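In what follows, a structure is listed as structure tokens, so that the remarks can point back to it.
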Amino acid sequence: MEKSNQERLEKYLVGNDGYLKNDISNGKVIMLSGKWGSGKTFFWKNKIQTVLNDDDKKIPNHYISLYGKTSIEEIKNEVFLKIFQSVDSSNLEEKGTTLLKNTVDLISLFVKSVGIDLSKFTDNSFKHIEKFLKDKKLKKTVEYLNSGAIICFDDFERKSKDIDLNDLFGFITQLTLNFDCKVVIILNDDVFEGEEKNVFSRVKEKSVSKFLKYEPSIKELFKTIFYERRKDNKKSFKYLKLRKYKQIILKTIEKTQELNARIYIQVLDNLVE
């Protein structure tokens, strides 16, 4: 039986020798595009990120939504925050260790390379950063950005118009060159218009190494959402109560020809209620 679009992408990205698990993708930018509402974010968080976050073979990864972002500086700060939080939540004595050490190396490099001013952060947890950055054992750079950690930028097309696409791609390119990390861009590339469309077409060809299309069928998208695991109990399905009604729900949705993850979730949530 031929694999579906989603199954092929899953296998390619996070299969046994998946692209994102392999050093060959270090320093690369991957673009995952698809129609609005087709479930790209849901796919990333529930099918890809769950594998990356597997306890036994965890691959450091950070998810950044560009929705509402109004400046490159704001994006830089959030990237830094995500990385720092991963350090702050790690136990130095327990992890010993490469994962923590490489993350701290990244912070040190990140502060120097992209110009983060630590004095602007008022969160008390940032007081710990001085200890991390001054520790000579941790400060030594062994491998850039967790030896190929992944930064995922979502809602790319929903950024503020104040952010220049040239500057944004420049920052992304800087990340991959300076830190040898992997960057995944999730977007609907049909929404750019006018001059921004021309700029996007030009800079993506220079910056992006892989172009992947997410185009699930109605049945495939419905199945992915229907069998979502509960957040409070990973062994239980969120819509278990609706299992005996699954086929009639799916047939009804297929009649509408609606391919929209948010609508499916809303329908299923209402039916559970």
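In terms of the numbering used here, the sequence shown opens at residue 1036 and continues consecutively.
The C-beta atom is built at its ideal place from N, Cα and C for all residues, glycine as well.
Note that the structure is a prediction, hence the values are computed from the model and not measured.
About 6 Å separates the beta carbon of Leu-1210 from that of Val-1218, a gap short enough to meet the 8 Å contact definition.
Per the DSSP secondary-structure output, Lys-1248 pairs in a beta bridge with Ser-1068. Under the DSSP assignment, Ser-1236 falls in the alpha helix (DSSP H) whose first and last residues are 1229-1242.
Going by DSSP, Val-1049 is part of the alpha helix (DSSP H) stretching over 1040-1049. The criterion of a C-beta distance shorter than 9 Å is not satisfied by Leu-1222 and Asp-1197.
Between Leu-1303 and Lys-1273, the C-beta gap is smaller than 9 Å, which places the two residues in contact. For Ile-1099, the pairing in a beta bridge is given by DSSP as Phe-1188.
Here the stretch 1072-1079 lies against the stretch 1237-1251, with 3 or more beta-carbon pairs under 8 Å apart. Sequence-distant Cβ neighbours of Lys-1194 in its own chain, meaning closer than 6 Å and more than five residues away, are Leu-1101, Lys-1104. Per the DSSP secondary-structure output, Leu-1222 pairs in a beta bridge with Ser-1068. Leaving aside the five residues that flank Val-1086 on each side, the residues in its chain whose CB is nearer than 7 Å to its CB run, in chain order, Val-1049. Within the model, the alpha-carbon separation for Leu-1277 versus Gln-1084 is close to 26 Å. Only residues of its own chain outside the window of five on either side were considered, and among them Leu-1087 have a CB closer than 6 Å to the CB of Ile-1094, listed in chain order.
Take the alpha-carbon of Phe-1227 and the one of Leu-1256: they are about 25 Å apart.
A distance of 9 Å or more separates the beta carbons of Asn-1201 and Val-1243. Burial check for Gln-1041: the Cβ neighbour count within 10 Å reaches 16 or more, so the residue is buried.
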